[in-house]
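Chemist: Quick note: the sequence shown uses our numbering, first residue 869, plus one each step. Even for Gly, the Cβ is constructed at its ideal location relative to N, Cα and C.
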Amino acid sequence: MPQQSLVDIAKAPILAYNDKNWDAVRAAVTPTFVYDEVATQRKVQGINDVLGVWREWAAAFPDSKATFNTVATSGKTVIMEVTWRGTHTGLLRAPTGEVAATGKKIEIRACQVIEVANDKVQAMRQYFDLMTMMQQLGAVSAV
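(1) How many Å lie between phenylalanine 901 and lysine 973 at the Cα?
(2) Excluding the 5 residues flanking alanine 896 on each side, which residues of the same chain have their C-beta closer than 7 Å to its C-beta?
(3) Kindly confirm or deny that the stretch 943 to 950 and the stretch 978 to 985 touch, where touching means at least three C-beta pairs closer than 8 Å.
(4) With a CB to CB cut of under 8 Å and the five nearest residues on each side skipped, what residues in its chain are close to leucine 1005?
(5) Tell me which residues share the same chain as cysteine 892 and place their Cβ nearer than 7 Å to its Cβ, disregarding the 5 neighbours each side in the sequence.
(6) Less than 8 Å between the CB atoms is what I'm expecting for lysine 933 and glycine 954, so what's the real figure, rounded?
(7) Opposite methionine 992 in the DSSP bridges: which residues?
(8) Considering only DSSP beta bridges, list what lysine 973 is partnered with.
(9) Just curious, the alpha helix (DSSP H) that asparagine 916 is in, first and last residue?
(10) Quick one: what's threonine 938 bridged to in DSSP?
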């Protein structure tokens, strides 16, 4: 598979998330898609459970979007550095508890390791800077 096709497949679920197009997310991933959110220690399998997690993020940050910075491939794996931006206008369920809407903007960097199989995303490990996000929301103090 050409490298650009692999990258386009890997970006598809995140671009669909940016538009909050849940049908497009579903179409971009395998039915047994695994989403591993390393910072929160939340790992879910199956598109319905993954969409539940992603909808929670969208409820907390309705305008949240990712922009792609750097992309690299190795075999059927795509590694992407992204920046997440959004405004916290809904309830956030965090590892430390719930955070009520603050109206504050966030900008956090993340890395996604994406595995592709049969022209769909099969797994995504997302590493992001949870501490910076919580500091930007005022939920924890700066160190």
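Modeler: This is what the structure holds:
(1) 30 Å
(2) Ala880, Pro881, Ala884, Lys988 and Val989
(3) yes
(4) His956, Leu960, Val967, Thr970, Lys972 and Ile974
(5) First, the residue type needs correcting, since residue 892 is alanine and not cysteine in the sequence shown. Here the set comprises Ala884.
(6) 7 Å
(7) Tyr903 and Ile982
(8) Thr955
(9) 915 to 928
(10) Glu949
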